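Beneath this line is the structure, given in structure tokens, with notes to follow.
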Amino acid sequence: KGEDWKRAFAYSVGEADAAVQLYAYAEAREHYHRALDSLKHLPDNDSNRQKQVDISVRLVNVSLQSESPEKNLAILTEAENMASSLADEARLARVQLWIGRVHYLAGRFPEAISYFQKVLAVAPKFGDPELMALPGAVIGRVLVLQGQFAKAHQLLDKTVPLLEATKNRHELLFACLYRGAARACLG
3 KGEDWKRAFA
13 YSVGEADAAV
23 QLYAYAEARE
33 HYHRALDSLK
43 HLPDNDSNRQ
53 KQVDISVRLV
63 NVSLQSESPE
73 KNLAILTEAE
83 NMASSLADEA
93 RLARVQLWIG
103 RVHYLAGRFP
113 EAISYFQKVL
123 AVAPKFGDPE
133 LMALPGAVIG
143 RVLVLQGQFA
153 KAHQLLDKTV
163 PLLEATKNRH
173 ELLFACLYRG
183 AARACLG
């Protein structure tokens, strides 16, 4: 029976990841939910808790536009507590990155910046370009919206090369646009 739940988990994650590649986010959400449900039937150990954290982050990634910020934050808060209990700083940083993103999209900029600063404080330890780039990119956007153009331009100048390394064209585009806006506003 346990082997069936392992297979169900692996199948659901594979199907969800394939759906993400096709931008079929509704289907991906369904499969990620099934994967999380499968984990509930497996032993409560570190490996399965790590999987729960990772799948929770992937679920929120495909749910940002379709679910309420509160629902996404509930999922991420559980993942944050789990990553903390695992003493897994890299996973915790990744969860906090997504908590910051949810706050940003909800217009709660101070909360978003607080989480992004937590990520930036530990990101260099892991050498993960995404953890080092995305918080700065979004903080740069907030600074532009707040009219702090010099700070935004300086931060985005540092962030753009990091984003180029991640090959995240979407975030790179936004960083370049906001850097250009900051530069234009500076004169």
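In terms of the working numbering, the sequence shown is residues 3 to 189.
We treat Cβ as the ideally placed atom computed from N, Cα and C, and that holds for glycine.
Remember, predicted model here, so these are calculated numbers, not experimental data.
Among the options, which residue has its Cα nearest to the Cα of residue i?
i: ARG93; options: LYS120, PRO112 and ALA76; result: LYS120
i: VAL97; options: LEU145, ALA108, ALA28 and ALA114; result: ALA114
i: ALA37; options: ILE57, ASN47, ASP48 and PRO45; result: ILE57
i: LEU190; options: HIS43, ALA183, ALA184 and THR161; result: Here the chain covers residues 3 to 189 and nothing more, so residue 190 does not appear.
i: LEU61; options: SER86, SER14 and GLU91; result: SER14
i: TRP7; options: LYS127, ALA125, LYS42 and PHE111; result: LYS42
i: LEU122; options: ALA10, GLY102, TYR106 and LYS73; result: GLY102
i: SER70; options: PHE118, LEU88 and VAL104; result: VAL104
i: LEU75; options: MET134, TYR106, TYR25 and ARG51; result: TYR106
Any idea if residue i is buried or exposed, counting beta-carbon neighbours within 10 angstroms, 16 or more meaning buried?
i: GLU5; result: exposed
i: ALA20; result: exposed
i: ALA177; result: buried
i: PRO137; result: buried
i: ASN47; result: exposed
i: SER49; result: exposed
i: LEU179; result: exposed
i: HIS155; result: buried
i: HIS172; result: exposed
i: GLN67; result: exposed
i: GLY16; result: exposed
i: SER87; result: exposed
i: LEU24; result: exposed
If contacts are defined as beta-carbon pairs under 8 Å, then residue i and residue j qualify, I think. What distance do you get, rounded to the angstrom?
i: ASN83; j: GLU132; result: About 22 Å separates the two Cβ atoms, so there is no contact after all.
i: VAL193; j: ALA184; result: No statement about residue 193 is possible, as the shown extent of the chain runs from 3 to 189 and does not include it.
i: TYR27; j: VAL64; result: 4 Å
i: LEU99; j: PHE151; result: Wrong, their Cβ atoms sit about 25 Å apart, outside the cutoff.
i: ASP159; j: ARG143; result: Not confirmed; about 14 Å, so no contact.
Assign residue i to one of three DSSP states: helix, strand, or coil.
i: HIS43; result: coil
i: TYR34; result: helix
i: LYS160; result: helix
i: ALA12; result: helix
i: ASN83; result: helix
i: ASP6; result: helix
i: GLN150; result: coil
i: GLU69; result: coil
i: ARG110; result: coil
i: ALA89; result: coil
i: ASN170; result: coil
i: ALA184; result: helix
i: ALA177; result: helix
For the ligand FAD, I want to know if residue i counts as a neighbour, meaning its beta carbon is within less than 7 Å of at least one of the ligand's heavy atoms.
i: LYS8; result: You won't find the ligand FAD in this model; it holds no ligand whatsoever.
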